[in-house]
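Chemist:
Numbering (UniProt numbering), first residue to last: 1 to 148.
#1: Can you check whether the CB of residue 125 is closer than 8 Å to the CB of residue 135?
#2: Please state whether DSSP places residue 30 in a helix, a strand or coil.
#3: Which of the three DSSP states is assigned to residue 110 in this structure?
#4: Which first and last residues belong to the alpha helix (DSSP H) in which residue 82 is found?
#5: Counting along the chain, where does the beta strand (DSSP E) carrying residue 62 start and finish?
#6: Could you check whether residue 110 and residue 86 sit closer than 8 Å to each other, using their CB atoms as the reference points?
#7: Find out if the Cβ-Cβ distance for the pair residue 113, residue 80 is shorter than 8 Å.
#8: Check residue 127 in the structure and name its three-state DSSP category.
#9: Suppose the cutoff is 6 Å on Cβ atoms and the five residues either side in sequence are ignored; what does the same chain contact list for residue 105 look like?
#10: Could you tell me which residues DSSP pairs with residue 39 in its beta bridges?
#11: Out of 30, 11 and 14, which one is the CA nearest neighbour of residue 20?
#12: With H, G and I counted as helix, E and B as strand and the rest as coil, what does DSSP make of residue 122?
#13: In angstroms, rounded to a whole number, what distance separates the CA positions of residue 40 and residue 32?
#14: Restricting to Cα atoms, I'd like to know which of 123, 142, 14 and 63 is closest to residue 129.
Written as structure tokens, this is what we have:
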């Protein structure tokens, strides 16, 4: 075996299609693109996803369903058992300092998951009805901003 005798296996490499080289080549004149239409033109062969030839597309014909809250990313849930680790008055700044909510959070909502064993004083936080009852049952107090 020598370097000058090496060649790829049969069928491993395909020769490129040389279009527009005369009628005898089989790919002359229209070069395999047919007659007229967007695919016959140069640079015009792309159609946007969902385009239906000018007909009203499916995603516009179907009814809109559901609701997406704008506040979804701004309100963060905090569990009751997480609050049990904190001391003193608890507000949004205290939750940020304890790394229970990210700095980008604009509101926090207390959710009843787990138990609370000590008296907590919560200020300016939202809470579910169950969480509010559990905090007050443990002797804590709640000064919250009501959800709109």
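Quick reminder that beta carbons are idealized off the backbone N, C-alpha and C, glycines included.
Modeler: Checking against the coordinates, here is how it stands:
#1: The residue labelled residue 135 in the question sits at position 135 within the chain shown. The residue labelled residue 125 in the question sits at position 125 within the chain shown. No, the Cβ-Cβ distance between residue 135 and residue 125 is not below 8 Å.
#2: Start at 1 with the first residue of the chain shown, and residue 30 comes out as number 30. Reduced to three states, the DSSP call for residue 30 is coil.
#3: As a first step, residue 110 is located in the chain shown; it is residue number 110 there, counting from the start. Here residue 110 sits in strand by DSSP.
#4: By one-based count along the chain shown, residue 82 stands at place 82. First-last of the alpha helix (DSSP H) with residue 82: 80-83.
#5: In the chain shown, counting from the first residue as 1, residue 62 sits at position 62. Taken as a continuous stretch (DSSP letters only), residue 62 belongs to no beta strand (DSSP E), as it is neither H nor E.
#6: The residue labelled residue 86 in the question sits at position 86 within the chain shown. The residue labelled residue 110 in the question sits at position 110 within the chain shown. It is not a contact, given that the beta carbons lie outside the stated cut-off.
#7: Residue numbering aside, residue 113 sits at position 113 when the chain shown is read from its first letter. Residue numbering aside, residue 80 sits at position 80 when the chain shown is read from its first letter. A contact, by the Cβ cut-off of 8 Å.
#8: Here residue 127 refers to the residue found at position 127 of the chain shown. In the structure shown, residue 127 sits in a strand (DSSP, three-state: E or B).
#9: Here residue 105 refers to the residue found at position 105 when the chain shown is read from its first residue. Correct list, in chain order: 76.
#10: If you number the chain shown from 1, residue 39 lands on position 39. Residue 39 pairs with nothing; no bridge assigned.
#11: Position 20 of the chain shown, counting from 1, holds the residue named residue 20. Among 30, 11 and 14, the Cα nearest to that of residue 20 belongs to 30.
#12: Position 122 of the chain shown holds residue 122. Strand at residue 122.
#13: Your numbering for residue 40 matches position 40 in the chain shown. Your numbering for residue 32 matches position 32 in the chain shown. So the two alpha carbons sit approximately 9 Å from each other.
#14: Here residue 129 corresponds to residue number 129 of the chain shown, with the count starting at 1. The shortest Cα separation from residue 129 among 123, 142, 14 and 63 belongs to 142.
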